[in-house]
Each structure stands twice: as C-alpha cells, then as structure tokens.
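Worksheet for the structure shown next.
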Amino acid sequence: MSANNASDLHTVSDRLAKNAMRNVSERLIEGLLFSAAAVSVLTTIGIMYVLISESIHFFANVSIVDFLTDTQWTPLFDDAHFGIMVLVSGTLVSSAVALLVAVPMGTIIAIYLSEFANGKVREVAKPILELLGGIPTIVFGYFALLMVTPLLQKLFPELPGFSLLSAGLVMGIMIVPYIASLSEDAMRSVPMSLREGAYALGSTKLYTAIHVVVPAAFSGIAAAYILAISRAVGETMILAVAAGMQPNLTWNPMEPAATITSYIVQVALGDLPHGSIGYQTIFAAGLTLILITLVFNILGQWLRAKFRENY
Amino acid sequence: MQALTTEQIRALIAKGKLRDAIFKGLGIFCLAVALLVIILLVSDMVEKGSERFTLDFFMNFASRHANQAGILSAWVGSLLVMTVTALAAVPLGVAAGVYLEEYAKRNWMTEIIEINITNLAAVPSIVYGLLALGIFVYQFGFGQSILSAGLTLALLILPIIIVSTREAIRAIPAMIREGSMAVGATRWQTCRYHIIPYAMPGILTGVIIGLARAIGETAPIITIGALTFIAFLPPAPFMGEPAAGLFDWVMAPFTVMPIQIFNWTSRPDPAFEVNAAAAGFVLMAMVLSMNGIAIYLRYKMRKNIKW
Chain D
25 MSANNASDLH TVSDRLAKNA MRNVSERLIE GLLFSAAAVS VLTTIGIMYV
75 LISESIHFFA NVSIVDFLTD TQWTPLFDDA HFGIMVLVSG TLVSSAVALL
125 VAVPMGTIIA IYLSEFANGK VREVAKPILE LLGGIPTIVF GYFALLMVTP
175 LLQKLFPELP GFSLLSAGLV MGIMIVPYIA SLSEDAMRSV PMSLREGAYA
225 LGSTKLYTAI HVVVPAAFSG IAAAYILAIS RAVGETMILA VAAGMQPNLT
275 WNPMEPAATI TSYIVQVALG DLPHGSIGYQ TIFAAGLTLI LITLVFNILG
325 QWLRAKFREN Y
Chain A
46 MQALTTEQIR ALIAKGKLRD AIFKGLGIFC LAVALLVIIL LVSDMVEKGS
96 ERFTLDFFMN FASRHANQAG ILSAWVGSLL VMTVTALAAV PLGVAAGVYL
146 EEYAKRNWMT EIIEINITNL AAVPSIVYGL LALGIFVYQF GFGQSILSAG
196 LTLALLILPI IIVSTREAIR AIPAMIREGS MAVGATRWQT CRYHIIPYAM
246 PGILTGVIIG LARAIGETAP IITIGALTFI AFLPPAPFMG EPAAGLFDWV
296 MAPFTVMPIQ IFNWTSRPDP AFEVNAAAAG FVLMAMVLSM NGIAIYLRYK
346 MRKNIKW
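Next comes the structure, spelled out in structure tokens:
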C-alpha cells in the first residue's frame, strides 16, 4: 500500500485508530463476559458467607457440644434445646428410604436401556424419564400425602397420616430419572470392544452388563449415586408436605419426623424477627445440610478418581 | 476343566437366555412403574380437580372458602417472577458460557469456575433460599419481593443455562470461527454474529429447561418469606394510585403457584384438596409442556444439523 499522498495516510491512520478502539472494546467485552462467569464463584462465596456469619452468632449462644449431642430440638420453646441430631435422623432416614427405591430401580433401568433395549425404546423412554424428573416437587408432595399415604395405610393400618416412609418412597421415584439417565450415559460410553470381547468368550448379555459394562462405567455410576444422595438430603417440599414437621429423634421410617429442610420451611413460614435465635437456627441447620452434602461430594470425587477407567 | 456334553452346553445357554429374558422383563417393569406414577399422578389430579377447571378458578384470588378460591395472584406472581428470572439468568448464563468456551485460557481461575459450576448443581435449592434471605432480603434490602425471588431462582438455574450454552457452542465446528476471523472479524464479532446465533437452539433448550425447573421450585421462595395468602396483584406499570412507575411491580409482595398448592395441601379442610389438585394440574401442565418443548427442540436440532 502506498502512503505517498496525504489522503492515503489519513485513511490508514484512521483505520489504525479504529483498530485501537476495537481492541479496547474487545477487552471491555472480555471483562464483562468474565464477570458473568465469576458470578458462579460469587454465589458460592455468598452461600458460605451467609451460612457461616449467621451460624457464628448462633454458636455464640449455643455450644457446639449441645448442638451435636442434645436429643431434643425445640428452638422456639421457652425451654429451648438445639440438638441437630433430631433433624439429621429424619433427613438420613428419609434419604435412606428414597435411595433404597431409587438406586436399584435407576440402575436396572439404566442397564436395561443401555444394554437390552433397542434404539426405539430408548428414544421414547428417555424423554418420559425426563418428564418424570421435571415434575415439581410440590406436586410429588401432594402425591405422597394424598395418594401414597392412604395406599400404604391399607397395607399398614398403624401408619400415621404423616410418615417418613411415604415421603421417602415418593422421593425415591423422583430421583430414579437422575440415576437412570446419568448411569445410562456412563454405560453407553463404555467402548463396544469390551462388550464384543465378553460376547466372544461366550458371555450372555446380562453377564456382560454386570461383569464388564457396570465395572467399566463405575466411576460415572458412582457420580450418579452421589448426585442422587445430594438430591435426597436436600429435598424439601415432599418432606414438608408428607413427613410432618414435628422434630422427632427416630430411625423408624413409619413415624413422622422433621428433616433439616422441612424445619427451615417451617420457620420461614412463620415471621421470625431478623437476628433472633430462631432466625439463626435455620442458618445453622443450613450449614449442617451443606456440610453433609459436601461430605458425600468429596466421597464421590474420591470414588470417581479411584475407579476411573481409561480406555 | 471338564469337557461338557452338548446337552450340558445347551442347558447352560438356555439358562443364560432365561436370565437375560428375566432381566429384560425386570427392566421393562421398572420403566412401567415410572410411567405408571406419571399416569397415576395426572389422572388423580384431573379426576379430583376437574370440577374446578373454570374461568373463575383462574380469575379469582385466594379465599377462605375453598370453592371460591382461585389462582389469579399465584399465576400472575409466577409469570412475573419468571420474567425477572429470565431477564437475569439468560444474559448472565449465556455470557458465562461464551466466556468459558471461547475466551477462557486453561488456567487455575478457569478451573475454579468450572469446578464451582459443577458443585453448585449439587447444592440443595433451599440453601439458595438461605443465601437470598441473607443477601437479597436483608443485605441489599430488596425485601420479600418479586425481585428477590426472581434473582434467587436465576442463581439457581444459572448452572443449567451455562452448561447447555457450552454444549451448544462446543458442537459448532472450528471452521465457522476460522472463516469469520479470516475476513477480519474480532473475537466478539465472531461470537456475536456467528457463534451465538448458531448455538441459539441449544441455548434455548437450556433456558426452557431451567425456567421449567424454576417455575416448580417452592423451597427457596418460601425461605425468603413469600406470603401464602395474597388477594391483590402487583401494581401494573403506570397504573394505580399514585401512578406506579415502570418497575414498581418488582418490589411488590407476591405468591407463586407452588406456594399456593403448598398452602392448600397443608390445610386440614379436605375441600382444599380439590383446589390443590386443580392447581397442581395447572402447574404440572405448565412445567411438562415447557419440558416437552425443550425435548422437541433438541430432537429437531439433532436432525437438522448439517455443517
């Protein structure tokens, strides 16, 4: 390009100036996009900040030993007791019931869809499962309270109107799609050659599925189980509706009990003054909930690392 | 090993085939149970709630009398909360997805953001409610308003939108970017005019799934202290006395569909069960049709891709 006459020089420098502007706006946009991505980190920091700062106030009034060992949870009574075990027991029992339903059912569906079903069945079944996973939990709560509990009462006449059992069963059904869909993805990514090897040695489909595909996909299946546990521990509305809200230290699923999550709902429904001890208990309960899910997540990451297969 | 006779081998094969068949039956049975639950759920709600499916039900406020109570404030509230959620979550989610796919260098900061997004997906939704109660309601002083609720749900569905945006972008071949860059477009111009439009169907799927999830969420909204009994609507823009501004409605108290259902199921009077069933059906119809649209979009997309 010749820059001999003045007008040419003008256009070139114009273009350079425009280029510089372009770089500035590019930088600006990159910064904006980065800050959008950083919102997720801010969310985590916000969660930890809120839970910890409010819990510190709580633990200034209640000793951690009492919190962990007391067998009563009556934070709103005059004779206040703060034994988180009461809520943890309800949470663990309902989660156990849910997982007893969801893990076998989800795994069987996943193995069936990945190893046995033909493409057409899979194409239809997966969206149906997704629909099941998309049903609002409040609707499941309604279902548990007004359909499953009366049905169960026909089998066990002594079952009370609220119980961990019916809430847990319905919660299990809710979790099935997560386990089925994630495990199926994990199993389908196991290379064909492994299956062909097993078939070549004369294995049946079921034998191949259980002894070759499942172990090879175990890290992915474990991840699905961990997600299911997080869901079960954190599930709120089914329990708030169908398990009752009385704090009750029990390991019997046939009884009503409050969970960590349903306690938070119960307190939020009343109007507690900001800064009162009752208000702070929900943050202490929330912190406990997050710590429980964190333990399972770390366990999951360890499992995934331990059983990761490289093909 | 002892050699087997032909009969023994045949017996072995038959046994294996039988086990396969039994397992196949078990798989179909489990799938059928899942399907049965959906059918049972829907048919029960229709059966119980059908008498309430009238125009009045949609146009009446909540009431102490079960047969006069309606869902007007609930569906309007849900609609407004969803508007705030979408306005906050879609730009943020898409921007974050574009940054992580198109701009981010592989370093520790990107790594932290990515691990974070995965972990946020496992955080129980009620914890988002506690976050919102501490930050939005008290720290920022938004109160128990539509704004607080919308932002809470936006944070909740952000991971879903980010992940689906990234997946949609990853499916766009590199030649599209190279072509755009080759004619002198900047990175942002490439994203703005090529990457984002081509990724749009995938992003839309994620947005719909996220909003369907948000519309059914109850726990975080109860936690921020949404009221359960509301017999008025938020001020319409430029209406009312004194005239409301364009955005006055975002600070209004509200209720949403799931809270209305929760309120009705937790009443001892069985007359409200009918209302709960009817409202539950309406909510489920909204959520399932949104999910249906998303599934259809994805199905269509998979068929139409021709790079």
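Line by line, the protein sequences give chains D and A. So the first sequence is numbered by our numbering: it starts at 25 and just counts up by one. So the second sequence is numbered by our numbering: it starts at 46 and just counts up by one. Glycine residues also receive a C-beta, built at the ideal position from the N, C-alpha and C atoms. Since this is a predicted model, take the numbers as computed values, not measurements.
Against chain D, does R64 of chain A count as a neighbour if the rule is that its beta carbon must be under 8 Å from one of theirs? yes
Using the C-alpha atoms, what's the distance from G61 of chain A back to L203 of chain A? 48 Å
Report the three-state DSSP secondary structure of W97 of chain D (helix, strand or coil). DSSP, reduced to helix, strand and coil, places W97 of chain D within a strand of the structure shown.
Buried or exposed by the 16-neighbour rule on C-beta atoms within 10 Å, applied to S26 of chain D: Residue placement at S26 of chain D is flagged as unreliable, the pLDDT there being 46, under the threshold of 50; a coordinate-derived value is accordingly withheld.
What is the residue span of the alpha helix (DSSP H) that L124 of chain D lies within? That run of the alpha helix (DSSP H) goes 108-135.
Between A146 of chain A and chain D, is any beta-carbon pair separated by less than 8 Å? Reading off the sequence, residue 146 of chain A comes out as Glu, not Ala. False, the Cβ-Cβ gap to chain D never drops below 8 Å.
Unbroken stretches of the alpha helix (DSSP H), 4 residues or longer, contained in the segment 205-250 of chain A: 219-227, 232-235
Cβ-based contacts, 8 Å cut-off: residues of the segment 284-304 of chain D near chain A: Cβ contacts with chain A come from T285, I288, V289, A292, L293, D295, H298.
Could you run through the segment 228-254 of chain A and flag, in chain order, every residue whose CB is less than 7 Å away from some CB of chain D? T231, R232, W233
What runs of the alpha helix (DSSP H), each 4 residues or longer, lie entirely inside the segment 129-164 of chain A? Runs of the alpha helix (DSSP H) inside the segment 129-164 of chain A: none found.
Limits of the alpha helix (DSSP H) - the one that Q300 of chain A falls within: Here the sequence assigns Thr to residue 300 of chain A, which means Gln is not the residue at that position. Where T300 of chain A is concerned, there is no enclosing alpha helix (DSSP H), given that its DSSP letter is neither H nor E.
Distance cut-off 7 Å: S87 of chain D Cβ against heavy atoms of the ligand GDP: Absence of the ligand GDP from the depicted structure is noted, as is the absence of any ligand whatsoever, leaving it without description.
Measure the CB-CB distance between T285 of chain D and P169 of chain A and report whether it falls below 8 Å. yes
L188 of chain D versus L169 of chain D: straight-line alpha-carbon distance, rounded: One C-alpha to the other measures close to 11 Å.
Quick one: what's got a C-beta closer than 7 Å to R212 of chain D's C-beta in the same chain, skipping five residues either side? S138
Would you list, in chain order, the members of the segment 68-87 of chain A that have their beta-carbon closer than 8 Å to a beta-carbon of chain D? Going along the segment 68-87 of chain A in chain order, one finds F68, K69, L71, G72, I73, C75, L76, V78, A79, L80, V82, I83, L85, L86 with a Cβ nearer than 8 Å to chain D.
Does R46 of chain D come out as helix, strand or coil in the three-state DSSP assignment? If DSSP states are grouped into helix, strand and coil, R46 of chain D belongs with the helices.
Could you check the C-alpha separation between Y202 of chain D and F101 of chain D for me, to the nearest Å? 40 Å
Could you check whether A256 of chain D and V289 of chain D sit closer than 8 Å to each other, using their CB atoms as the reference points? no
Secondary structure at M269 of chain D, three-state DSSP: helix, strand or coil? coil
By how many angstroms is the C-alpha of I157 of chain A removed from the C-alpha of S254 of chain D? Near 21 Å, if we compare the C-alpha coordinates of I157 of chain A and S254 of chain D.
Under a three-way DSSP split, which group does N85 of chain D fall into? helix
In this structure, how does DSSP classify L293 of chain D when only helix, strand and coil are distinguished? helix
Whose CA, out of D:S119, D:M171, D:L230, D:S113, lies closest to the CA of V82 of chain A? Of the candidates D:S119, D:M171, D:L230, D:S113, the residue whose Cα lies closest to the Cα of V82 of chain A is D:M171.
Classify M220 of chain A as buried or exposed, calling it buried when 16 or more other Cβ atoms lie within 10 Å of its own Cβ. exposed
What three-state label does DSSP hand W326 of chain D in the structure shown? helix
Chain A residues whose Cβ lies nearer than 7 Å to that of E50 of chain D: T231, R232, W233
Assuming G115 of chain A contacts V301 of chain A (C-beta within less than 8 Å), just tell me the rounded distance between them. 14 Å between Cβ atoms; not a contact.
Got a sec, what are the start and stop residues for the alpha helix (DSSP H) T394 of chain A sits in? A query on residue 394 of chain A cannot be resolved here, the shown segment of chain A reaching from 46 to 352 and no further.
Determine contact between the segment 316-326 of chain D and the segment 243-253 of chain D, defined as no fewer than three beta-carbon pairs at a distance below 8 Å. They touch, by the three-pair rule.
Name the chain A residues whose beta carbon is nearer than 8 Å to that of N321 of chain D? N164, A167
Could you work out which residue in D:T312, D:A309, D:F140 is closest to A233 of chain D when comparing CA atoms only? It is D:F140 whose Cα lies nearest to the Cα of A233 of chain D.
My guess is that Q270 of chain D and P280 of chain D are in contact by the Cβ rule of under 8 Å, so how many angstroms apart are they, rounded? 6 Å
Enclosing alpha helix (DSSP H) for E154 of chain D [first to last residue]: 143-158
Tell me which residues of the segment 316-336 of chain A have at least one Cβ-Cβ distance to chain D shorter than 7 Å, keeping chain order. E318, A321, G325, L328, M329, V332, L333, N336
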